[in-house]
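If you're matching positions, the sequence shown starts at -9 in this note's numbering and goes up one per residue. Even glycine gets a Cβ: it sits at the ideal position worked out from N, Cα and C. Predicted model, so just to flag it, every value in this text is computed and none were measured. Everything below concerns the one structure shown next.
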Amino acid sequence: MAQQPSLLGRFVKLTADFAAGATAAGILIVVVVQIVSRLIGQPVSWSEEATRFLFVWMVFLGLAAGFRTVESARVVVFIAAAPRLFRRLAVPIYVVSSVLFFGIMGWTGLSLVRQQIMMSEEAATLAIPMWVIGLIMPISAILAVLAIVESLKTKRDLIALPEVGAPRVDLDEPDVFVSKGHTP
């Protein structure tokens, strides 16, 4: 049964969901500026790069937001077809593999940011340091792990495949029957 979000849940929602929404709004604004500037014959050079960077931030923030609301990709059909022992281990496998993935992503992101700072990389047209763009990797990794913890506390029933009412899948029986012009 889903519970009310805790302080952690509200923090993750504020930082991930609202920041992703802000980047989506930023993309809209930049694209409108790009269109208007082209219509008046004075195209801006930075709009394409700004759109790309905002999109990267939006995707990574959306990834963390998806884990908060338990909307991450899961293959429920395989879980339902698996033996009962595996179904019982589905939640621990989901949590461990997700946290491991985000741990690796965060560590890789920090390495990338350190390299970008060391090399003094700058964006081509925006004249901002590239580490500002790369910083979203470790940020979203931390937010995603916090989101997983929050979803375990408040939405565990959505993560687990319920034992009662779980569809049994017979992989030997086809879903679609094709006839060759004959009616059964």
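Pro82 (DSSP reduced to helix, strand or coil): helix
Own chain residues within Cβ distance below 7 Å of Val135, not counting five before or after: Val89 and Phe92
Exposed unless 16 or more other CB atoms sit within 10 angstroms - verdict on Phe57: buried
Leu133 and Ala15 closer than 9 Å at C-beta: For Leu133 and Ala15, no; Cβs fall outside 9 Å.
DSSP three-state assignment for Gly155, whether helix, strand or coil: Because Gly155 carries a pLDDT of 49, less than 50, the predicted location of this residue cannot be relied on, and no value is offered for it.
Option nearest Glu38 by Cα separation, candidates Ile17, Ile107, Arg104 and Gln32: Ile17
Cα-Cα separation, Leu29 to Val22: 11 Å
Enclosing alpha helix (DSSP H) for Ser27 [first to last residue]: Ala9 to Leu29
DSSP-derived helix/strand/coil call for Glu61: Glu61 sits in coil when the DSSP states are folded into three classes, being neither helix nor strand.
For Glu112, three-class secondary structure by DSSP: strand
Own chain, CB closer than 8 Å to Val20, minus 5 neighbours either side, in chain order: Ser37, Ala40, Thr41 and Leu44
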